[in-house]
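Asks: One structure is given below, represented as structure tokens, and several questions about it will come after.
Residue numbers (the numbering used here): 714 to 1135.
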């Protein structure tokens, strides 16, 4: 069946999520242990981002005695994403179809998403299955730091995993729950959808292939695990109590996280016995945050050091920071501004000195080079080469004696020819 108005491409995309592989055949006594694939996936379909809630399960044999399955998918967006989270919605009785009888048909009414809130409770299901509820906190921390980082949860048939997803998601802030994706029976999904938490049967082909994901978080649910590594959600998973909202201390006003002023402690305080305490410069006052400050235990006390108090002298009151002067458009004289002006003046004098020294040594050499180039250009090559007379600076043309003699002979011959013709 399908809802009216569902486009063909969207229907095709949802059908691609309906794959299912039975672990036990229908005639096997353990057929009822075939896992149910509860899924929350995200995908971009038709240019829009959707959250997809799905339930795919074994459904015995069809009329031809072949294995059958039952798949139900729902597309959610916008206001459909209630604060309780996807696992809470999937766990509502009767929301996802678990039985079907009848002919295919179109649904005129769209199922309404149940509304509600996920209460903060201890992760008891995780405690029963692993031995420590804080393992749920480790999974939640993985989703907080990197929502797309894979997490592999190995399980054995017969384990109910949807309550584990619901408890782990309850540790997250409401606005982050719909960013966490999961599948309680992961076999194969299209590359177009996102699925981070992957519950895989132990010793299955997918379990062996998952070892290639070296960056993935791996949790083996088939055996007790003992104490979980400490994480930010560990205490909440064990007790059900959310951590108190912390406030960053205001350094300028001197108020702590609880809104109270830290109490300084001097020579008789807790730091008096520390090595080097007596060497602290005057005005550097040590402070201890209020006892209500929540922090992760590191085995050492946490102290903070308050900046030294600057004496209120006229010398400091007359000066302002450069940022304030630039914003106000003023530049007032003071110790800092005077030093800056002196440094700028010294830099200018040094620059002019270097320039003058360079000009003194470089200019005569350059002038001599230009004069030499001019002399070379003024002297042409060939028989009419000019010679520079140093006495008066004039240039005359000097011709060779042989050339003069040849010219005179030509003139004499020309005169003789003219006289004969006459």
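Heads up, the beta-carbon is just placed ideally off N, CA and C, and yes, glycines get one too.
1. Could you tell me which residues DSSP puts in a beta bridge with residue 873?
2. Where does residue 798 land, buried or exposed, given buried means 16+ other C-beta within 10 angstroms?
3. Rounded to whole angstroms, what is the Cα-Cα separation between residue 1001 and residue 1063?
4. Closer than 8 Å by C-beta to residue 907: which residues in its own chain qualify, once you throw out the five before and the five after it? Chain order, please.
5. Among 843, 873, 926 and 866, which has the Cα closest to the Cα of residue 936?
6. Provide the residue span of the beta strand (DSSP E) that contains residue 774, from first to last.
7. Just to confirm the assignment: which complete alpha helix (DSSP H) runs, minimum length 4, are found wholly within the region 779 to 809?
8. Give me, in chain order, the residues of the same chain whose beta-carbon lies closer than 6 Å to that of residue 1136; leave out the 5 immediate sequence neighbours on both sides.
9. Under a Cβ-count criterion, where at least 16 other Cβ atoms within 10 Å of its own Cβ denotes burial, should residue 1051 be classed as buried or exposed?
10. Would you check if the distance between the CB atom of residue 747 and the CB atom of residue 847 is smaller than 9 Å?
11. State the DSSP-derived secondary structure class of residue 734, mapped to helix, strand or coil.
12. With a cut-off of 8 Å, do at least 3 Cβ pairs link the region 775 to 786 to the region 721 to 740?
13. By DSSP, does residue 717 sit in helix, in strand, or in coil?
14. May I have the straight-line CA-CA distance separating residue 830 from residue 802, to the nearest angstrom?
15. When DSSP labels each residue in this structure, what does residue 826 get in the three-state scheme?
16. Rounded to whole angstroms, what is the Cα-Cα separation between residue 869 and residue 884?
17. Please list the segments of the beta strand (DSSP E) lying wholly inside the region 845 to 889, counting only runs of 3 or more residues, in order along the chain.
18. I'd like to know whether the C-beta atoms of residue 752 and residue 897 end up nearer to each other than 9 Å.
19. Taking 9 Å as the cut-off, decide whether the C-beta atoms of residue 744 and residue 768 are in contact.
20. Quick one: give me the first and last residue of the beta strand (DSSP E) that residue 914 is part of.
21. Residue 839: which of 1067, 853, 759 and 828 sits nearest, CA to CA?
22. Could you check whether residue 851 and residue 941 sit closer than 9 Å to each other, using their CB atoms as the reference points?
23. What's the C-alpha gap between residue 1067 and residue 1075?
24. Rounded to a whole number of angstroms, what is the C-alpha to C-alpha distance between residue 815 and residue 724?
25. When you compare each of 739, 878, 788 and 1060 to residue 778 by their alpha carbons, which one comes out closest?
26. In three-state DSSP terms, what is residue 726?
Replies: Working from what's here:
1. Paired residues: none, contrary to the question.
2. buried
3. In this predicted model, residue 1001 has a pLDDT of only 42, less than 50, meaning its place in the structure is not dependable enough to derive any value.
4. 754, 755, 756, 861 and 894
5. For the residues 843, 873, 926 and 866, the minimum Cα distance to residue 936 belongs to 843.
6. 761 to 774
7. 799 to 803
8. Any property of residue 1136 remains undetermined from this structure, which presents the chain solely from 714 to 1135.
9. exposed
10. no
11. DSSP places residue 734 in the coil class of the three-state scheme, outside both helix and strand.
12. yes
13. coil
14. 10 Å
15. DSSP places residue 826 in coil when its eight states are reduced to three.
16. Those two C-alpha atoms are separated by around 25 Å.
17. 864 to 868
18. yes
19. no
20. 910 to 914 is the span of the beta strand (DSSP E), which, as asked, contains residue 914.
21. 853
22. yes
23. Rounded to whole angstroms, the separation of the alpha carbons of residue 1075 and residue 1067 is 12 Å.
24. 20 Å
25. 739
26. helix
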